[in-house]
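Here the structure comes first, spelled out in structure tokens, and everything after it is commentary.
Residue numbers (the working numbering): 1 to 317.
Pasting the structure below:
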């Protein structure tokens with residue numbers, strides 16, 4: 001069972017910890033390889049498998065970059081990390097003040113005194129401390145001073161992680177769900193709350209759930225129609241999702257709408273995870289509602305054809 005902490009000061013380990021530090025956005029196959037290694041060593045040496053991550057993303061704070069889009073919300077990341085076997089996730093607020101700690105203050109006060117590390121697994125190019133002046137060699141020297149071990153994550157491993165994260169984002173921006181899911185090792189998903197809409201879909205035989213994505217930094221895939229699945233009260237349900245402006249009945253806003261196949265029930269105010277299997281087509285503008293209705297029927301048939309080739313997930317993500 002993973003526990004999430006909102007600050008390093010909320011974390012009081014019962015024993016020594018094995019820690020790694022990073023964003024781990026997407027928790028994709030490259031991350032999973034490193035994290036599974038961390039979990040295995042934690043079990044072997046009876047240490048607490050712990051991740052320290054920062055939010056907001058340091059670029060949001062130091063460079064005032066509000067354009068960053070992340071693959072996971074903190075809640076989504078927690079679910080993925082728990083499946084791997086991570087025991088503790090510390091989400092430290094990243095502030096200007098926090099960034100101004102010297103390397104010594106960071107290692108002594110945060111890693112040693114607060115987090116009680118016995119070992120840290122960290123990238124060969126890791127930089128830390130005020131102005132990011134300290135490196136992994138400095139960390140090893142601090143390890144000798146404060147009696148903790150430093151294991152280097154190699155350039156090859158870091159390269160796999162960095163490239164994969166970039167490729168996942170670029171693939172999703174293109175709408176290439178297949179490539180994104182291949183790098184992730186799972187089906188990319190959105191988490192949102194069902195809100196009431198215009199109910200147009202209901203009048204043309206395709207009732208839709210309007211999904212409100214609260215976290216503005218969450219990366220939404222390219223506009224278009226997707227075949228998806230979700231778990232509704234524990235039951236696996238397939239459907240199709242449209243991401244876009246609804247140009248046929250244009251209102252100018254971006255919407256995420258899902259039509260579930262063979263489902264009847266009230267979804268209002270329910271939080272759902274929408275897992276993307278494949279992208280079916282671009283978003284289109286139709287001459288009238290009747291033409292839209294005809295295309296939706298074709299989309300549904302095509303989605304069901306795709307699903308015939310899809311291996312059903314064995315359990316909820």
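Beta carbons: idealized from backbone N, C-alpha and C, even for Gly. Just so we're clear, the structure is a prediction, and the values are computed from it rather than from any experiment.
- Judged by pairs of C-beta atoms under 8 angstroms, the segment 163-176 touches the segment 204-221, as three or more such pairs exist.
- The residues 277, in chain order, have a CB closer than 7 angstroms to that of residue 310 in the same chain once the five nearest residues on each side in sequence are set aside.
- For residue 231, the closest C-alpha among the options 207, 258, 215, 61 is that of 258.
- Its chain contains 2 as the residues whose beta carbon lies nearer than 6 angstroms to that of residue 82, once the 5 sequence neighbours on both sides are disregarded; these appear in chain order.
- Excluding five sequence positions before and after residue 124, the CB atoms of its chain that fall closer than 8 angstroms to its own CB belong to 136, 152, 153, 154, 155, 158, given in chain order.
- A direct Cα-Cα distance of roughly 9 angstroms separates residue 150 from residue 144.
- With 16 or more neighbouring CB atoms inside 10 Å of its own CB, residue 239 falls in the buried class.
- Within the same chain, 65, 68 come within 7 angstroms of residue 59 by CB-CB distance, once the 5 residues on both sides are set aside.
- A residue is called buried when at least 16 other Cβ atoms come within 10 angstroms of its Cβ; residue 133 does not meet this threshold and is exposed.
- The segment 206-266 contains, as complete beta strand (DSSP E) runs of 3+ residues, the segments 209-212, 224-232, 235-244, 255-260 (chain order).
- Residue 88 sits in a strand when the DSSP states are folded into three classes.
- When the beta-carbon positions are compared, residue 274 and residue 211 come within less than 8 angstroms of each other.
- Counting C-beta atoms within 10 angstroms of its own C-beta, residue 246 has 16 or more neighbours from the protein chains shown and is therefore classed as buried.
- In the structure shown, residue 192 falls within a strand segment according to DSSP collapsed to helix, strand and coil.
- A straight line joining the alpha-carbon of residue 9 with that of residue 114 spans about 7 angstroms.
- Within its own chain, the residues whose Cβ lies closer than 7 angstroms to the Cβ of residue 116, once the five positions on either side in sequence are excluded, are 13, 16, 17, listed in chain order.
- Cβ atoms of residue 88 and residue 142 stay farther apart than 8 angstroms, at about 22 angstroms.
- Contact between the segment 40-57 and the segment 21-28 is present: 3 or more CB-CB pairs across the two stretches fall below 8 angstroms.
- Residues 150 of the same chain have their beta carbon placed closer than 6 angstroms to that of residue 140, with the five preceding and five following residues left out of the count.
- Residue 121 and residue 38 have their C-alpha atoms spaced approximately 8 angstroms apart.
- In the three-state scheme derived from DSSP, where H, G and I count as helix and E and B as strand, residue 5 is classed as strand.
- For residue 146, the closest C-alpha among the options 76, 111, 91, 167 is that of 111.
- In this structure residue 243 does not touch residue 227 by the C-beta definition: roughly 13 angstroms separates them, more than the 8 angstroms allowed.
- Closest in alpha carbon position to residue 85, among 43, 106, 103, is 43.
- Nearest Cα to residue 74 within the set 31, 195, 169, 215: 215.
- Check the Cα spacing between residue 126 and each of 118, 264, 138: the tightest is with 138.
- Pairing residue 195 with residue 61, the inter-Cα distance amounts to about 32 angstroms.
- Assigned with DSSP and collapsed to three states, residue 283 falls in coil, not helix or strand.
- Excluding the 5 residues flanking it on each side, residue 25 has same chain C-beta neighbours closer than 7 angstroms at 70, 71, 72, 165, in chain order.
- For residue 16, the secondary structure class from DSSP, reduced to helix, strand or coil, is coil.
- At a Cβ-Cβ threshold of 8 angstroms, residue 35 and residue 119 do not count as neighbours.
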